[in-house]
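J.:
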Amino acid sequence: MMLQPNSIYFVNQPIDMRYEMTWFTSFVQEHFKGLWQNGAAFIFINRRANVIKILQLDSHGVWLCQRKLHQNCFPKLKFGEVHLSLSTSQFE
Numbered sequence: 001m002m003l004q005p006n007s008i009y010f011v012n013q014p015i016d017m018r019y020e021m022t023w024f025t026s027f028v029q030e031h032f033k034g035l036w037q038n039g040a041a042f043i044f045i046n047r048r049a050n051v052i053k054i055l056q057l058d059s060h061g062v063w064l065c066q067r068k069l070h071q072n073c074f075p076k077l078k079f080g081e082v083h084l085s086l087s088t089s090q091f092e
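Our numbering puts the last residue of the sequence shown at 92; the count rises by one with no breaks.
1. Going by DSSP, which residues form a beta bridge with residue 67?
2. Here's the rule I'm using: 16 or more other beta-carbon atoms within 10 Å means buried, otherwise exposed. How should residue 93 be labelled?
3. Helix, strand or coil for residue 35? Go by DSSP, reduced to three states.
4. Pick helix, strand or coil for residue 27, following the three-state DSSP scheme.
5. Checking the sheet assignment: what are the DSSP bridge partners for residue 43?
6. Just to confirm my understanding: we take residue 21, look at its own chain, exclude 5 residues before and 5 after, and list those with CB closer than 8 Å. What are they?
7. Can you tell me the Cα-Cα spacing of residue 68 and residue 17, whole angstroms?
8. Taking residue 131 as the reference, give the member of 46, 58, 57, 75 with the closest Cα.
9. Can you round the beta-carbon distance between residue 42 and residue 9 to whole angstroms, since I take them to be within the 8 Å contact cut?
Right under this line is the structure:
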């Protein structure tokens, strides 16, 4: 089953990827009050921007996916930006 979020939110601060699912869930519930209940996905990025984790809470439970790049890095939001899009090639 692929994740099919209703909306996607990007956490624009570097996160320590050693945290477990409970920490990510608590972070979303605290900082995105109400938004996490509608099937939204939340993207977290590490300081080096080579690892992202995607958290989604849905009717089946909690999904936490990780993607690590061995070359290059993911683009980051710059100060003042509110949207970020990734092409398929950037994600792969």
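Every residue gets a Cβ at the ideal spot worked out from N, C-alpha and C, and that includes glycine.
T.: The short version:
1. For the purposes of this step, residue 67 is identified with residue 67 of the sequence shown, where counting begins at 1. Its beta-bridge partners are 52.
2. This structure cannot speak to residue 93, because the chain is shown only from 1 to 92.
3. Sequence index remark: in the sequence shown, residue 35 carries index 35 (1-based). Residue state, collapsed to three classes: helix.
4. Residue mapping note: residue 27 aligns to position 27 of the sequence shown, counting from 1. If DSSP states are grouped into helix, strand and coil, residue 27 belongs with the helices.
5. Within the sequence shown, the letter at position 43 stands for residue 43. Its beta-bridge partners are 10, 54.
6. Here residue 21 corresponds to residue number 21 of the sequence shown, with the count starting at 1. Once the five neighbours on either side are set aside, the close Cβ partners of residue 21 are 55, 62, 64.
7. One-based indexing of the sequence shown puts residue 68 at position 68. One-based indexing of the sequence shown puts residue 17 at position 17. Approximately 11 Å between the Cα atoms of the pair.
8. The requested residue 131 is not part of the displayed model; the chain covers only 1 to 92.
9. Residue numbering aside, residue 42 sits at position 42 when the sequence shown is read from its first letter. Residue numbering aside, residue 9 sits at position 9 when the sequence shown is read from its first letter. Yes, they are in contact, since the Cβ atoms of residue 42 and residue 9 sit about 5 Å apart, within 8 Å.
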